[in-house]
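With my numbering, letter number 170 in the sequence shown gets 180, and the count goes up by one each step, no holes. Remarks on the structure that follows.
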Amino acid sequence: MTKGIIGKKIGMTQIFDEKGRVIPVTVVEAGPCAVVQVKTAENDGYQAVQVGFGDQKPQRVNKPLTGHFKKGDVAPKKVLKEFRFDDVSAYNVGDIIKADVFAAGDKVDVAGTSKGHGYSGVIKRWNFHRLKETHGSGPVARHGGSNGACSSPSRVFPGLKMAGHYGAEKVTVQNLTVVKVDAENNLIAIKGAVPGPNGGYVVIRDSVKAIKA
């Protein structure tokens with residue numbers, strides 16, 4: 011892995027290729043991101059680059075982070091992420107990473123926080139089948155049904171699919187294709203859908219499963 015950037019999901023649209031075919035894309039405002047810290051194996055035990063995205067008001071940053079940003083002479087940022095690289099020698103504190111770090115045709119993995127659905131029933135959360143609504147089934151058409159045996163083993167097994175909190179968790183979509191990069195406006199168009207709502211923050215990295223030439 012050699013490239014990575016933080017972005018904000020703008021929304022979905024469609025573009026046409028040179029043959030007139032429609033390509034559904036997600037537009038991401040990627041960067042500019044500032045390198046806040048460079049971690050090395052000698053000092054930190056591993057190699058990584060800490061990157062910040064989105065300017066934050068100084069009064070909204072706590073004292074430890076304020077000192078952290080001042081040490082790197084970087085303006086306060088809303089989002090901080092680390093990218094582990096095999097070689098960090100190409101990065102220096104204060105460097106700016108822009109959308110043109112990626113190019114059309116690149117394979118990327120996009121991680122974000124999925125849309126939250128709150129407390130959801132088993133039909134919405136796990137696609138359970140409805141019960142019949144005739145012949146005395148009662149007001150339980152969307153219930154989960156039996157959770158297990160009674161006397162043996164007299165408990166509910168861990169991992170059973172039940173109603174509960176749905177969404178609002180980290181999701182990564184792998185091996186997506188970069189269709190277009192607008193470096194002037196810091197925009198990247200990625201084929202397909204990426205996790206999260208419009209306005210949500212996403213992390214774009216080189217794909218770990220892409221076939222290397």
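Ideal Cβ positions, reconstructed from N, Cα and C, are used throughout, including at glycine.
Apart from the five residues just before and just after glycine 209, which ones in its own chain have a Cβ nearer than 7 Å to its Cβ? Taking the first residue of the sequence shown as 1, we reach residue 209 at position 199. Around glycine 209: Lys18, Lys19.
Is it buried or exposed for asparagine 195, if we count other Cβ within 10 angstroms and need 16 for buried? Taking the sequence shown and counting its residues from 1, one reaches residue 195 at position 185. That one is exposed.
What's the C-alpha gap between glutamate 179 and phenylalanine 167? Along the sequence shown, one-based indexing puts residue 179 at 169. Along the sequence shown, one-based indexing puts residue 167 at 157. Approximately 23 Å between the Cα atoms of the pair.
Quick one: measure Cβ to Cβ for serine 130 and glycine 206, integer angstroms, because I've assumed they're closer than 8 Å. Counted from its first residue, the sequence shown places residue 130 at position 120. Counted from its first residue, the sequence shown places residue 206 at position 196. Serine 130 to glycine 206, Cβ: 18 Å. No contact.
Rounded straight-line distance, which links the Cα of valine 132 to that of alanine 223: Mapped onto the sequence shown, residue 223 falls at position 213. Mapped onto the sequence shown, residue 132 falls at position 122. Model confidence at alanine 223 stands at a pLDDT of 49, short of 50, so the residue's coordinates are unreliable and nothing is read from them.
For the putative contact between valine 35 and valine 118, defined by C-beta atoms under 8 Å, what is the C-beta separation to the nearest angstrom? Working through the sequence shown from its first residue, we reach residue 35 at position 25. Working through the sequence shown from its first residue, we reach residue 118 at position 108. Going by Cβ atoms, the distance from valine 35 to valine 118 rounds to 13 Å, so no, they are not a contact pair.
Could you pull out every residue in the same chain whose Cβ sits closer than 6 Å to the Cβ of glycine 41, ignoring the five residues on either side in sequence? Along the sequence shown, one-based indexing puts residue 41 at 31. Cβ within range, chain order: Ile15, Ile107, Lys108, Ala109, Asn196.
What's the C-alpha gap between leucine 75 and lysine 87? The sequence position of residue 75 within the sequence shown is 65, counting from 1. The sequence position of residue 87 within the sequence shown is 77, counting from 1. Cα-Cα distance, rounded: 9 Å.
Contacts around glycine 62, its chain only, beta-carbon distance under 6 Å, and the 5 residues preceding and following it disregarded: Position 52 of the sequence shown, counted from the start, is the residue given in the question as residue 62. Correct list, in chain order: Ala44, Val46, Lys87, Leu90.
With a Cβ-Cβ cutoff of 8 Å, do valine 204 and valine 191 count as a contact? As a working note, residue 204 is residue 194 in the sequence shown. As a working note, residue 191 is residue 181 in the sequence shown. No, these two residues do not count as a Cβ contact at 8 Å.
Assuming isoleucine 198 and valine 32 make a contact with CB atoms under 8 Å, what is their CB distance in whole Å? As a working mapping, residue 198 is identified with position 188 in the sequence shown. As a working mapping, residue 32 is identified with position 22 in the sequence shown. So it is not a contact: roughly 19 Å between Cβ atoms.
Tell me whether aspartate 54 is buried or exposed, calling it buried when 16 or more other Cβ atoms sit within 10 Å of its Cβ. What you label residue 54 is simply residue 44 of the sequence shown in a count that begins at 1. It is exposed - the Cβ of aspartate 54 has fewer than 16 other Cβ atoms within 10 Å.
In whole angstroms, what separates the C-alpha of threonine 12 from that of serine 162? Stepping through the sequence shown from its first residue, residue 12 is reached at position 2. Stepping through the sequence shown from its first residue, residue 162 is reached at position 152. The straight-line gap from Cα to Cα measures roughly 54 Å.
Rank Ser147, Asn157, Leu186 by C-alpha distance to the C-alpha of alanine 173 and give the top, closest one. Residue mapping note: residue 173 aligns to position 163 of the sequence shown, counting from 1. When each option's Cα is compared against that of alanine 173, the closest is Asn157.
If you draw a straight line from the C-alpha of lysine 49 to the C-alpha of lysine 81, how long is it? Along the sequence shown, one-based indexing puts residue 49 at 39. Along the sequence shown, one-based indexing puts residue 81 at 71. So the alpha carbons of these two residues sit roughly 14 Å apart.
DSSP on alanine 223, reduced to helix/strand/coil? Reading the sequence shown from its first residue, position 213 is the one you call residue 223. Low per-residue confidence applies at alanine 223: pLDDT is 49, beneath 50, and the placement is therefore not dependable enough to give any value.
Buried or exposed: which applies to valine 218, given that a residue is buried once 16 or more other Cβ atoms fall within 10 Å of its Cβ? The residue given as residue 218 occupies position 208 in the sequence shown. The residue is exposed, with fewer than 16 neighbouring Cβ atoms inside 10 Å.
First through last residue of the alpha helix (DSSP H) which encompasses glycine 77: Within the sequence shown, residue 77 is the residue found at index 67, counting from 1. 73-81 is the span of the alpha helix (DSSP H), which, as asked, contains glycine 77.
Could you give the first and the last residue of the continuous alpha helix (DSSP H) run that contains asparagine 196? Within the sequence shown, the letter at position 186 stands for residue 196. Careful: asparagine 196 lies outside any alpha helix (DSSP H) and carries neither H nor E.
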